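Residue 248 in the numbering used here sits at position 204 of the sequence shown, and the numbers go up by one each step. Heads up, the beta-carbon is just placed ideally off N, CA and C, and yes, glycines get one too. All figures in this text were calculated on a predicted structure; none of them were measured in a lab. Each remark here refers to the structure printed beneath this line.
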Amino acid sequence: MAPLILYAEMHYRLPLFRGILYRKQPEIIFDLPWRSETGSIPILLLIKDAHWFPVTIEKIRIRLMDRHGKPVTGDITIPVGIGVRTKWFTKICEIDATDYQNQWVYVDCFAYVTCSKKTLTIHNDNYRTLSQKPFKIFIDPDPLPQADGWLWGDLHTHSAYTEDQVEFGAPLDCYRPLARTMGISFCAVTDHSYDLDDCADSWTETDPDLHKWQRFQEDIQKLNHINRDFLLIPGEEVSVDNGFGRTVHLNVLNDPNFHIGSGDGMEKSLGKLTESHYAAVLGSISDTALAFAAHPFEKPPFWHRLLIHRGVWNRWDYHPCLGGFQILNGNPAEDFKAGKAFWIEQLLKNRRQKIYAGNDSHGNFNRFRQVLIPLFSMHEHRH
Numbered sequence: 045m046a047p048l049i050l051y052a053e054m055h056y057r058l059p060l061f062r063g064i065l066y067r068k069q070p071e072i073i074f075d076l077p078w079r080s081e082t083g084s085i086p087i088l089l090l091i092k093d094a095h096w097f098p099v100t101i102e103k104i105r106i107r108l109m110d111r112h113g114k115p116v117t118g119d120i121t122i123p124v125g126i127g128v129r130t131k132w133f134t135k136i137c138e139i140d141a142t143d144y145q146n147q148w149v150y151v152d153c154f155a156y157v158t159c160s161k162k163t164l165t166i167h168n169d170n171y172r173t174l175s176q177k178p179f180k181i182f183i184d185p186d187p188l189p190q191a192d193g194w195l196w197g198d199l200h201t202h203s204a205y206t207e208d209q210v211e212f213g214a215p216l217d218c219y220r221p222l223a224r225t226m227g228i229s230f231c232a233v234t235d236h237s238y239d240l241d242d243c244a245d246s247w248t249e250t251d252p253d254l255h256k257w258q259r260f261q262e263d264i265q266k267l268n269h270i271n272r273d274f275l276l277i278p279g280e281e282v283s284v285d286n287g288f289g290r291t292v293h294l295n296v297l298n299d300p301n302f303h304i305g306s307g308d309g310m311e312k313s314l315g316k317l318t319e320s321h322y323a324a325v326l327g328s329i330s331d332t333a334l335a336f337a338a339h340p341f342e343k344p345p346f347w348h349r350l351l352i353h354r355g356v357w358n359r360w361d362y363h364p365c366l367g368g369f370q371i372l373n374g375n376p377a378e379d380f381k382a383g384k385a386f387w388i389e390q391l392l393k394n395r396r397q398k399i400y401a402g403n404d405s406h407g408n409f410n411r412f413r414q415v416l417i418p419l420f421s422m423h424e425h426r427h
């Protein structure tokens, strides 16, 4: 899974100016896990916004390579022949990799599509300014280490219900096949409060009847009923005030009630203060819910601090309903060290707070791909 990121939205534009990232194509993205303990590689093809830009997928071609770029087998061609005209489309191709146990395998993915009467070859993704270089996956002969009765999971992920002007997550039904391959048995889906109250097909209009929130809850219930070997925990990443006029994030799991929080959603205006103090939200959660501070010591970028008032949790925060702190959020070592030191400090004060780990992943199971400068450029790296 991946830290701090979503798939990148390339169709956002300003009046009379489209920017460099904009294309008259749907987003066409390949993705896969970063490790496999099953000997199989599930390769996800995700297409978004084909209702605006219809495409026909003629075929998919997969190439497995060693670290020198030499193919380890013949190319795998998968005929498709499907026309896509929906907002979301996914297809998962399972590739047998049992012959490559205890090795890193490099994977190139190609989709041959027709869009606007043009034949296109998509190599790993169709984002401008990115490398389209091969993916890298470790074929692990062993499962993740664990004691009897323990399960591996992720308590901070996002789905396609998080969607805005620059980024979006993966559809809910994609998580099980990719996560189970990595040895993950559950994840909490904590989509942003400022996205979960949106009207259908809008990034900025709020729905007072919360139809999107209701669909989110219903979809998770349906998937949990179908899949008994993988659990999705419904949640919400709520934007709250940290007591100093700065917006921070509170993860609330398994609460049937929606908590408003739109200060940093950039939906109406920049610099908007968020609606609720963290203590007010904590005081209203249900008895079935768990709430914890999301990435409490992760410093937001300068522009986030300046334009949308994002900040960090203050070190004096304490509330009887605050269930702890997510001190591990992807890879940033400095944030983890600061969180660990804070947790030890709390223990010495006889405050036995729990600590949590998550990736804040919004899809992007194998590679970080994110907008760097809106309208102009993106950046990527392997996490």
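Among the bridge pairs identified by DSSP, MET310 is matched with none. At a cut-off of 3 residues, the continuous stretches assigned as beta strand (DSSP E) that sit fully inside the segment 363-395 are 369-373. Counting the other CB atoms within 10 Å of its CB gives THR165 a total below 16, which places it among the exposed residues. Where ALA223 is concerned, the enclosing alpha helix (DSSP H) starts and stops at 219-225. Secondary structure of PHE346 (DSSP, three-state): helix. Judged by DSSP in its simplified three-state form, GLN258 adopts helix. Contact between the segment 117-125 and the segment 198-206 is not established, with fewer than three Cβ pairs separated by less than 8 Å. The beta-bridge partner set that DSSP reports for ALA335 consists of VAL296.
Taking the Cβ atoms as the reference, ARG79 lies roughly 5 Å from PHE182, within the contact range of under 8 Å.
In the structure shown, the three-state DSSP call for ILE352 is helix. For HIS236, DSSP records a beta bridge to GLU281. In this structure the segment 254-262 does not lie against the segment 304-324, because fewer than three pairs of beta carbons, one per stretch, are closer than 8 Å. Contact annotation: SER405 and ASP198 have beta-carbon atoms nearer than 8 Å.
Beta-bridge analysis with DSSP links TYR156 to LYS103 and THR165.
Sequence-distant partners of GLU389 (beyond 5 residues in either direction) whose C-beta falls short of 7 Å from its own C-beta are missing from its chain. Between VAL128 and VAL99, the gap from beta carbon to beta carbon is short of 8 Å.
Taking ASN146 as reference, the option from THR82, PRO215, TRP357 and ARG359 with the minimal CA-CA separation is THR82. Separation of the CB atoms of ALA337 and TRP360 is rounded to 12 Å, and the pair is thereby denied contact status at 8 Å.
Contact between GLU280 and LEU334 is ruled out by a C-beta separation of about 12 Å, above the 8 Å threshold.
Buried is the label assigned to ARG220, since at least 16 other Cβ atoms lie within 10 Å of its Cβ. Within the same chain, LEU334, ALA335, PHE336 and LYS398 come within 7 Å of GLY367 by CB-CB distance, once the 5 residues on both sides are set aside. In this structure, LYS131 lies away from ASP169, with their beta-carbon atoms at least 8 Å apart. When DSSP reads this structure, PHE302 sits in no beta bridge, so it has no partner. PRO77 and PHE369 do not touch by the CB rule: their CB atoms are close to 27 Å apart, not below 8 Å. Measuring C-alpha to C-alpha distances from VAL292 to each of ARG172, CYS218, LEU419 and LEU317 identifies LEU317 as the nearest.
By the neighbour-count criterion, in which a residue is buried when 16 or more other Cβ atoms sit within 10 angstroms of its Cβ, ASP379 is buried. Beta bridge pairing from DSSP links GLY197 with PHE230. Taking the CA atoms as reference points, ILE106 sits about 21 Å from ALA214. Residue nearest to SER229 within the set ASN286, PRO187 and LEU65 is PRO187 (criterion: CA-CA distance).
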